[in-house]
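Shown next, in structure tokens, is the structure this report addresses.
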Amino acid sequence: MIGDPPNIIVGNLLSEYLNFTDFLVNLAPGVVITAPFIFVYLVWWFGDDVRGELVADIPALQKMYPIANKPLLVKCGVVLGCVILAFFMHPITHLDPAWISILGAIWLLVAFDMHHCHEALMAVEWDTLLFFASLFVVVEGVGELGLLRAIANLLSDLIEGVEEDNRQMAALVLIVWCSSIFSAFVDNIPFTATMVPVMQQMVRQVDGIAIEPLAWALCLGACFGGNGTLVGASANIVMASKAEIEGYPIKFIGFMKIGMPVLFISVTFATGYLLVVNTLFWK
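The working numbering runs 49 ahead of the 1-based position in the sequence shown.
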């Protein structure tokens with residue numbers, strides 16, 4: 050749930066149906082199944098650049114990046130462990146993951162030197178938080194204008210054309226592929242925030258489909274789709290900016306040549322995983 054912003058959005062908007070453990074149980078196997086095939090493709094693509102012995106001067110790296118404050122590192126580890134444990138205990142506590150995270154942050158600020166807590170607050174990416182807040186305002190405005198309803202009606206009509214016994218499988222395929230393709234060219238964060246209310250309306254309009262499997266299809270599609278292009282995920286943009294600073298500029302087309310095959314390979318195996326698990330468990 051906390052591995053990627055689209056998962057966080059899905060988890061928060063569908064907290065009535067999903068919890069931290071559900072994400073781990075339903076999505077982790079799909080990722081584990083898909084990852085080796087992506088690894089093989091990347092090794093084939095880069096060839097000799099990633100083969101052979103890795104030479105690294107560990108002592109030099111340790112001197113370059115030392116642990117500046119070991120007691121604080123231990124405190125951070127304890128707080129992080131408690132926060133993750135609280136995520137797993139959501140079915141018992143029913144605490145929203147956002148509140149768990151905030152309580153963990155406050156606990157760490159208290160454990161830290163309170164005279165320097167302003168430094169920690171300055172390190173918070175406030176612009177990112179404002180971006181998320183503004184994004185949900187825009188999505189709500191779009192919903193009030195009726196665009197989300199129109200999209201939901203279109204997808205619902207497509208799914209209703211399938212026999213009721215097969216609608217769930219058709220919806221899974223439709224959601225995972227649409228979300229992956231759109232997320233490659235529209236950042237997967239706003240796309241996910243837009244699609245969740247669309248799926249909720251689809252479930253209300255169409256018999257034979259449930260929100261939980263569609264949520265897993267959206268998470269896999271949006272996260273894997275973000276690998277397709279440089280603008281598909283925020284992590285790609287951050288990585289490209291850091292690489293350019295270090296003297297390794299990454300171009301949009303160059304990234305896309307590698308990313309799009311990764312997208313198609315991962316989403317193909319994710320689709321197979323969704324269909325198999327749907328047949329065995331979700332029905």
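Where is the CB? At the ideal position from N, CA and C, for every residue including glycine.
Item: Along the chain, where does the alpha helix (DSSP H) that runs through tryptophan 253 open and close?; Value: According to the sequence displayed, residue 253 carries arginine and not tryptophan. Taken as a continuous stretch (DSSP letters only), the alpha helix (DSSP H) holding arginine 253 covers 237-254.
Item: Would you check if the distance between the CB atom of isoleucine 299 and the CB atom of valine 255 is smaller than 8 angstroms?; Value: no
Item: Would you check if the segment 210-227 and the segment 251-269 touch, i.e. whether three or more CB-CB distances between them fall below 8 angstroms?; Value: yes
Item: Could you round the C-beta distance between glycine 277 and alanine 233 to whole angstroms and report it? I think they count as a contact, below 8 angstroms.; Value: 3 angstroms
Item: Give me the residue from Ala109, Tyr297, Ile116, Gly308 with the minimum Cα distance to glycine 274.; Value: Gly308
Item: For the putative contact between leucine 158 and alanine 172, defined by C-beta atoms under 8 angstroms, what is the C-beta separation to the nearest angstrom?; Value: That belief does not hold up - the Cβ atoms of leucine 158 and alanine 172 are roughly 11 angstroms apart, past 8 angstroms.
Item: Count the other C-beta atoms from every protein chain shown that fall within 10 angstroms of the C-beta of leucine 63, then say buried if there are 16 or more, exposed otherwise.; Value: buried
Item: Quick check on DSSP: helix, strand or coil for alanine 266?; Value: helix
Item: Looking at valine 92: is its Cβ nearer than 8 angstroms to the Cβ of valine 99?; Value: yes
Item: Just to confirm, is the Cβ distance from threonine 241 to proline 78 under 8 angstroms?; Value: no
Item: Under the rule that 16 or more other beta-carbon atoms within 10 Å means buried, what is proline 115, buried or exposed?; Value: exposed
Item: Please work out which residues of its chain come closer than 7 angstroms, Cβ to Cβ, to asparagine 68, disregarding the five sequence neighbours upstream and downstream, and give them in chain order.; Value: His139, Pro140
Item: Tell me whether leucine 62 sits in a helix, a strand or coil according to DSSP, three-state version.; Value: helix
Item: For histidine 143 and leucine 103, I'd like the C-alpha separation in whole angstroms.; Value: 46 angstroms
Item: Tell me where the alpha helix (DSSP H) around valine 99 begins and ends.; Value: That residue, valine 99, is in no alpha helix (DSSP H); it is neither H nor E in DSSP.
Item: Can you round the beta-carbon distance between tryptophan 175 and valine 316 to whole angstroms, since I take them to be within the 8 angstroms contact cut?; Value: Incorrect: roughly 34 angstroms between the Cβ atoms, too far for contact.
Item: Since I believe glutamate 261 is in contact with tyrosine 66 (beta carbons under 8 angstroms), could you give me their beta-carbon distance rounded to a whole number of angstroms?; Value: 6 angstroms
Item: Under 8 angstroms between the Cβ atoms of methionine 218 and leucine 324?; Value: yes
Item: Between which two residues does the alpha helix (DSSP H) harbouring tyrosine 322 extend?; Value: 301-326
Item: Phenylalanine 313: which of Val211, Asn118, Ile230 sits nearest, CA to CA?; Value: Ile230
Item: Taking the alpha-carbon of glutamine 250 as reference, which of Arg216, Ile200, Lys306 has the nearest alpha-carbon?; Value: Ile200
Item: Considering threonine 142, what are the terminal residues of the alpha helix (DSSP H) in which it resides?; Value: 139-142
Item: For methionine 244, I'd like the list of residues in its chain whose CB is within less than 7 angstroms of its CB, leaving aside the five on either flank, ordered along the chain.; Value: Ser228, Leu267
Item: Would valine 280 pass as a contact of aspartate 236 if the rule is Cβ separation under 8 angstroms?; Value: yes
Item: Since valine 222 is in the alpha helix (DSSP H), which residue starts that stretch and which ends it?; Value: 216-234
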